Amino acid sequence: MVGKIDKLDPKEYIIIKGARVNNLKNLDVAIPRDQLVVITGLSGSGKSSLAFDTLFAEGQRKYVESLSSYARQFLGRMEKPEVDYIKGVAPAIAIEQKVSSRNPRSTVGTTTEIYDYLKLLFARIGKTISPVSGKAVKKDSVTDVVDYMLSHEEGSKLMITTPLKQKDKRTLTKEFQILMSKGYNRVLIDNEVAYIQDVLDSKENPKGNVEILIDRAVVQNDEATQFRLADSVQTAFFEGEGDCLVTIVGKGKKNFSDRFELDGIVFEEPSVNFFSFNNPYGACRKCEGFGRVLGIDPDLVIPDRNLSVYEGAIAPWKGETMKKWAEPLLRDGIRFDFPIHRPIAELTQEQYDLLWTGNEYFEGLNKFFAHLESKLHKIQYRVMLSRYRGKTTCPDCRGTKLRKDASYVKIDKRSITDLVLMPVTKLRPFFDSIKLSKHDEKVAKRILEEIKNRLSYLDQVGLGYLTLNRLTSTLSGGEYQRIKLATSLGSALVGSMYILDEPSIGLHPRDTDRLIDVLKTLRDVGNTVIVVEHEEKVMEAADQIIDIGPDAGVFGGELVFQGKTSDMNGETNSYTSKYLQGKESIPVPERRRPWRSSIQIEGARENNLKNIDVEVPLGVLTVVTGVSGSGKSTLVRKIIHPAIGKQLGLIGEASGKFTNLTGNYKKVTQVEFVDQNPIGKSSRSNPVTYVKAYDAIRQLFSDQPLSKTNNFKPAHFSFNVDGGRCEVCEGEGTVKIEMQFMADLHLTCENCGGKRFKKEILEVKYNDKNIADVLNLSVREALEFFEGNNSITNKLQPLFDVGLGYVKLGQGSNSLSGGEAQRVKLASFLSKGSKTNNTDHILFIFDEPTTGLHFHDIKKLLDAINALVDGGNSVVIIEHNTEVIKNADWIIDLGPEGGEEGGNVCFAGLPEDLAKLKDNYTAQYLKEKL
1 MVGKIDKLDP
11 KEYIIIKGAR
21 VNNLKNLDVA
31 IPRDQLVVIT
41 GLSGSGKSSL
51 AFDTLFAEGQ
61 RKYVESLSSY
71 ARQFLGRMEK
81 PEVDYIKGVA
91 PAIAIEQKVS
101 SRNPRSTVGT
111 TTEIYDYLKL
121 LFARIGKTIS
131 PVSGKAVKKD
141 SVTDVVDYML
151 SHEEGSKLMI
161 TTPLKQKDKR
171 TLTKEFQILM
181 SKGYNRVLID
191 NEVAYIQDVL
201 DSKENPKGNV
211 EILIDRAVVQ
221 NDEATQFRLA
231 DSVQTAFFEG
241 EGDCLVTIVG
251 KGKKNFSDRF
261 ELDGIVFEEP
271 SVNFFSFNNP
281 YGACRKCEGF
291 GRVLGIDPDL
301 VIPDRNLSVY
311 EGAIAPWKGE
321 TMKKWAEPLL
331 RDGIRFDFPI
341 HRPIAELTQE
351 QYDLLWTGNE
361 YFEGLNKFFA
371 HLESKLHKIQ
381 YRVMLSRYRG
391 KTTCPDCRGT
401 KLRKDASYVK
411 IDKRSITDLV
421 LMPVTKLRPF
431 FDSIKLSKHD
441 EKVAKRILEE
451 IKNRLSYLDQ
461 VGLGYLTLNR
471 LTSTLSGGEY
481 QRIKLATSLG
491 SALVGSMYIL
501 DEPSIGLHPR
511 DTDRLIDVLK
521 TLRDVGNTVI
531 VVEHEEKVME
541 AADQIIDIGP
551 DAGVFGGELV
561 FQGKTSDMNG
571 ETNSYTSKYL
581 QGKESIPVPE
591 RRRPWRSSIQ
601 IEGARENNLK
611 NIDVEVPLGV
621 LTVVTGVSGS
631 GKSTLVRKII
641 HPAIGKQLGL
651 IGEASGKFTN
661 LTGNYKKVTQ
671 VEFVDQNPIG
681 KSSRSNPVTY
691 VKAYDAIRQL
701 FSDQPLSKTN
711 NFKPAHFSFN
721 VDGGRCEVCE
731 GEGTVKIEMQ
741 FMADLHLTCE
751 NCGGKRFKKE
761 ILEVKYNDKN
771 IADVLNLSVR
781 EALEFFEGNN
791 SITNKLQPLF
801 DVGLGYVKLG
811 QGSNSLSGGE
821 AQRVKLASFL
831 SKGSKTNNTD
841 HILFIFDEPT
851 TGLHFHDIKK
861 LLDAINALVD
871 GGNSVVIIEH
881 NTEVIKNADW
891 IIDLGPEGGE
901 EGGNVCFAGL
911 PEDLAKLKDN
921 YTAQYLKEKL
């Protein structure tokens, strides 16, 4: 291979020679350019080390090195990856899983840049419509006035005048004197021309309407006349503070104004900043551009929407004193056809709004709360008001963060506020059928192209259910990555190298096909697309697969296979090949566990959930599935987890909107949410400390004879506290040296040689290894080394069981992937979750635990999760992976689509019954696996 690699052309291949980053074993590989290449392999085999830490790092470093030293000091410091050489590398763009935006104002629209084009579109062709009369607001320009005058036949006589604006404390005589000093000679008094000097000489104050006569002329279509008229109109607008009057003799008088006003309201003229909520000029005055305000929370006012007004649905109107507010509505509701016996959930929008606004028969909730506001000097009213206050959508901007008058500007009857609140699937047809005038069409042509392109890419990557107003911080890692992917497609770069980290995460198999089309589009415009991926369909669609392995950690880091999936045979020692060829597989369980008790959630209606009732069985493995955006995360993360946690007094966070929690939830003693966030904030946190195995290791070292002699306690063997750790690097093992505009250097600490501890601590040995040697062992090696010492091996065994045998005991948590971090947490629960020493019934909730997992790892993961259930616990998993779905004891399928079209329970039951359904997306893909 090496001989061949040296002869390849860097114009056709990206050539990597001798890669030694992390666990890569002097790896040589040639990646064909302008193709879709999938890098796969077990978790921890070295895929990310090759794609991100080697290839992307070098692509970025080469770009930064090409800049001036001045520019380099402002950019991230780039370290050279450990590799002999990389040839043919293109500018690299990495699209990772991390949601990097923490800005509370950042939205899907701003992240994809669609909002920037929308602002420009509305600033250039938006028409301001008066909310009073519904007429378009426009101001007259000098050209408009001149065109009007020249539209009359040649020889017509005309007068240009303007109303005399009398300033405060100035007499009319004084005004006339000022006019003469400016060079004006005549005025119109009640439409009669008079000389100013004559009026002053008469010493009488004129009665009637006074206008300044600016100019008298005859209509002629020559350049000189045009210039003269334009000059006079400009003067009239100046003297009349925006008003100009034109009298065509014998035809009548016409008013012109260069103020942007109508119906007695002066409007702001649309500009780009006018539509920018990140700018004080464009931000909503009420919520200051955050979209939410402290106000009356409708869900606290009407907590149970299944009740009617007659049954007391309106909580504040229930008591003895306050029921007088409800009585007129109950008594007179029949007069205006209001259904007082119908549940609130079944009212039409108009009927629901009426409860708040009221009418001539009863005062609505808005009046009621205004009444409470007026009585704030009394403590009982303050207490009552605080009961119904909460963070609510800002009423002025409808949560769009924009100033209220920005919504008066419309294009084809829609304002920018309307558009950002529409899901992408509805926004596309609006722009496809938009009606514009010829002039506006020319102005908007290029802007509309950009908007349509970007919307179509968002839809293609399976995010059609999102609105442009959705906050970026509320997106999942997979959604954020696909938004970045759509943005990259929109910017249409060519000749680049795109490196993606599992873009299929969070995607239902139905949406994976569309994602593959997008990746191929990116390739076809002339880019090299490199995807780290485990999804079978993506592998089959790839031009080439690079399989790294054969195992993980120290047993990985080699090139096991390179070629198409069709070229794979079972001969190689590649797990990918064995699973794709069907030589190995994840079996379907022989029987489904039965369940006797459950927890019921009634009336779940957060985000897009449609007031659904859901039953979650206890003591079994439940999988919540459905297409992307169907409401799975909302149901599990925002309702089930906080609702049960609150009942147990374990969680303080607010839960989403639901009516009632019933069933046997008291059986649960603990709720654990196992997500993919890092296991520790500090660079010193690591797997061995997280699973609490390090306490036993430190105890073991402090029990050694040399420790006893020197009075070393367990704390001396900790790198987190003073005592035994090296004080130069404070137990880090490396020292960071800042290098201004060059890469920061992380040098091995000179004092301890990277061992983290003082010399005398390192002299203490157990079985010929000191504490630094032990931290350098992998989990697999440590299990052999500590064999027989159950207090340590019992804590380490779960790490091995969840497929992390390759991880080193002292490996920093910041070097673990999201999937690895999630499995470290799972291992910590496994170590304390076995029923032998525990009478707890824990409800475990997993959010896509197959992230970053190969088929072979999913097998191990399922064994670990089943061990939790067999230990007497309950597990709920949000998942799209069909291997996990087919192993469920119970499935809850949401949908049928994403966004507004989702949020319903499509199915609840056994996998076998789901597979029988005809028009269910999950059923189509589950059938193949069963």
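Under UniProt numbering, the first residue of the sequence shown carries the number 1, and numbering increases by one thereafter. Quick reminder that beta carbons are idealized off the backbone N, C-alpha and C, glycines included. A quick note: this is a predicted structure, and the numbers were derived from the prediction, not measured.
Spatial distance of S372 from T321 (CA atoms): Within the sequence shown, residue 372 is the residue found at index 372, counting from 1. Within the sequence shown, residue 321 is the residue found at index 321, counting from 1. In the sequence as displayed, the identity of residue 372 is Leu instead of Ser. Rounded to whole angstroms, L372 and T321 show a C-alpha spacing of 13 angstroms.
Cut-off 7 angstroms between Cβ atoms - residues of its own chain near M149, not counting five sequence neighbours on either side: As a working mapping, residue 149 is identified with position 149 in the sequence shown. Short of 7 angstroms from the beta carbon of M149, and not among the five residues preceding or following it, lie these beta carbons of its own chain, in chain order: L158, V219, L229, V246.
H641, DSSP secondary structure in three states: Along the sequence shown, one-based indexing puts residue 641 at 641. Correct three-state label for H641: helix.
At least three beta-carbon pairs within less than 8 angstroms, the segment 598-613 to the segment 638-649: yes
Inter-residue spacing [alpha-carbon to alpha-carbon] between Q600 and G631: Walking along the sequence shown from the start, residue 600 turns up at place 600. Walking along the sequence shown from the start, residue 631 turns up at place 631. Q600 and G631: Cα-Cα distance of roughly 17 angstroms.
Length-filtered (4 minimum) alpha helix (DSSP H) runs lying within the segment 658-693: Counting only runs of 4 or more, we get 687-690.
The segment 323-343 touching the segment 293-311, judged by at least three CB pairs closer than 8 angstroms: The segment 323-343 makes contact with the segment 293-311: 3 or more CB pairs, one atom from each, lie closer than 8 angstroms.
Start-to-end residues for the alpha helix (DSSP H) that takes in P617: Position 617 of the sequence shown, counting from 1, holds the residue named residue 617. For P617, no alpha helix (DSSP H) segment is defined; the enclosing uninterrupted segment is the beta strand (DSSP E) at 612-617.
Complete runs of the alpha helix (DSSP H) confined to the segment 84-120 [at least 4 residues]: For the segment 84-120, whole alpha helix (DSSP H) runs of length 4 or above, ordered along the chain, are 108-111.
Backbone CA spacing between T836 and D870 [nearest angstrom]: Locating residue 836 in the sequence shown gives position 836, where the first residue counts as 1. Locating residue 870 in the sequence shown gives position 870, where the first residue counts as 1. Because T836 sits at a pLDDT of 43, beneath the cut-off of 50, its placement in the model cannot be relied upon, and the following sentence gives the value as read from the coordinates. Looking at the two C-alpha atoms, the distance is approximately 11 angstroms.
Nearest candidate by alpha-carbon position, reference A315, set A444, I265, L385: As a first step, residue 315 must be located in the sequence shown, where it is residue number 315. The residue with the shortest Cα to Cα distance from A315 is L385.
8 angstroms contact criterion, which G526 and V494 should meet: CB distance rounded: Your numbering for residue 526 matches position 526 in the sequence shown. Your numbering for residue 494 matches position 494 in the sequence shown. So it is a contact: roughly 4 angstroms between Cβ atoms.
Counted within 10 angstroms of its Cβ, other Cβ atoms place Y85 as buried (16 or more) or exposed: Locating residue 85 in the sequence shown gives position 85, counting from the first residue. Flag for Y85 reads exposed.
For D190, the nearest candidate out of L164, K169, D168, G183 (CA to CA): Taking the sequence shown and counting its residues from 1, the one referred to as residue 190 is at position 190. If we check each option's Cα against that of D190, L164 comes out closest.
Same chain, Cβ closer than 7 angstroms to L213, five either side skipped, listed in chain order: As a working note, residue 213 is residue 213 in the sequence shown. Excluding residues within five positions, the ones whose Cβ falls inside 7 angstroms are M159, T161, R186, V187, L188, V193.
R382 burial status per 10 Å Cβ neighbour count (16 or more: buried): Numbered from its first residue, the sequence shown carries residue 382 at position 382. Its Cβ having fewer than 16 others within 10 Å, R382 is exposed.
Identity of the residues DSSP links to K769 by a beta bridge: Walking along the sequence shown from the start, residue 769 turns up at place 769. For K769, the pairing in a beta bridge is given by DSSP as Y766.
DSSP state of K62 mapped onto helix, strand, coil: In the sequence shown, counting from the first residue as 1, residue 62 sits at position 62. It is helical.
For L843: DSSP bridge partner residues: Here residue 843 is taken as the residue at index 843 of the sequence shown, counted from 1. Per DSSP, V671, S874.
Nearest candidate by alpha-carbon position, reference K930, set E900, C906, V884: Taking the sequence shown and counting its residues from 1, one reaches residue 930 at position 930. One point to set straight first is that residue 930 is Leu, not Lys, in the sequence displayed. Nearest of E900, C906, V884 to L930, Cα basis: V884.
V532 - containing beta strand (DSSP E), residue span: Position 532 of the sequence shown, counted from the first residue, corresponds to residue 532. 528-532 is the span of the beta strand (DSSP E), which, as asked, contains V532.
Minimum C-alpha distance to N660 - residue among R305, D893, L862, D501: In the sequence shown, residue 660 corresponds to position 660, counting from 1. For N660, the closest C-alpha among the options R305, D893, L862, D501 is that of R305.
Short Cβ contact (9 angstroms threshold) for N103 with G291: Locating residue 103 in the sequence shown gives position 103, counting from the first residue. Locating residue 291 in the sequence shown gives position 291, counting from the first residue. Cβ distance not < 9 angstroms, so N103 and G291 don't count as in contact.
Top-ranked residue by Cα proximity to L804, from A923, L783, E269, A283: Within the sequence shown, the letter at position 804 stands for residue 804. It is L783.
Beta-carbon proximity of G733 to K755, cut-off 9 angstroms: As a first step, residue 733 is located in the sequence shown; it is residue number 733 there, counting from the start. As a first step, residue 755 is located in the sequence shown; it is residue number 755 there, counting from the start. Yes. Within cutoff.
DSSP three-state assignment for H746, whether helix, strand or coil: The count along the sequence shown starts at 1 and reaches residue 746 at position 746. Here H746 sits in strand by DSSP.
contact_flag[the segment 839-856, the segment 667-683] where n(CB pairs < 8 angstroms) is 3 or more: yes
Opening and closing residue of the beta strand (DSSP E) in which T734 lies: Against the sequence shown, residue 734 aligns to sequence position 734. Counting along the chain, the beta strand (DSSP E) containing T734 begins and ends at 734-737.
Residues near N22 in its chain [Cβ-Cβ closer than 6 angstroms; skip 5 each side]: Working through the sequence shown from its first residue, we reach residue 22 at position 22. Answer for N22: S49, listed in chain order.
Nearest-angstrom Cβ-Cβ length linking T417 and A406, presumed shorter than 8 angstroms: Counting from 1 along the sequence shown, the entry for residue 417 is found at position 417. Counting from 1 along the sequence shown, the entry for residue 406 is found at position 406. Contact flag correct, Cβ pair sits at about 7 angstroms.
Cβ shell of N447 (< 7 angstroms), same chain only, five flanking positions each side left out: The residue given as residue 447 occupies position 447 in the sequence shown. According to the sequence as given, residue 447 is Ile; it is not Asn. The residues are Y117, L120, L121.
C-beta contact flag for I792 and A867 at 9 angstroms: Numbered from its first residue, the sequence shown carries residue 792 at position 792. Numbered from its first residue, the sequence shown carries residue 867 at position 867. Cβ distance not < 9 angstroms, so I792 and A867 don't count as in contact.
In DSSP terms, what P298 is bridged to: Within the sequence shown, the letter at position 298 stands for residue 298. Partner(s): none; P298 has no beta bridge.
Cβ-Cβ distance between I530 and I15 below 9 angstroms: By 1-based counting over the sequence shown, the position of residue 530 is 530. By 1-based counting over the sequence shown, the position of residue 15 is 15. No, they are not a contact pair.
Buried/exposed call for M497, threshold 16 Cβ in 10 Å: Translated into positions along the sequence shown, residue 497 becomes position 497. Around the CB of M497, 16 or more other CB atoms lie within 10 Å, so the residue is classed as buried.
Contact under 9 angstroms by Cβ, I39 with I451: Along the sequence shown, read from residue 1 onward, the residue named residue 39 stands at position 39. Along the sequence shown, read from residue 1 onward, the residue named residue 451 stands at position 451. Taking 9 angstroms as the Cβ cut-off, I39 and I451 do not qualify as a contacting pair.
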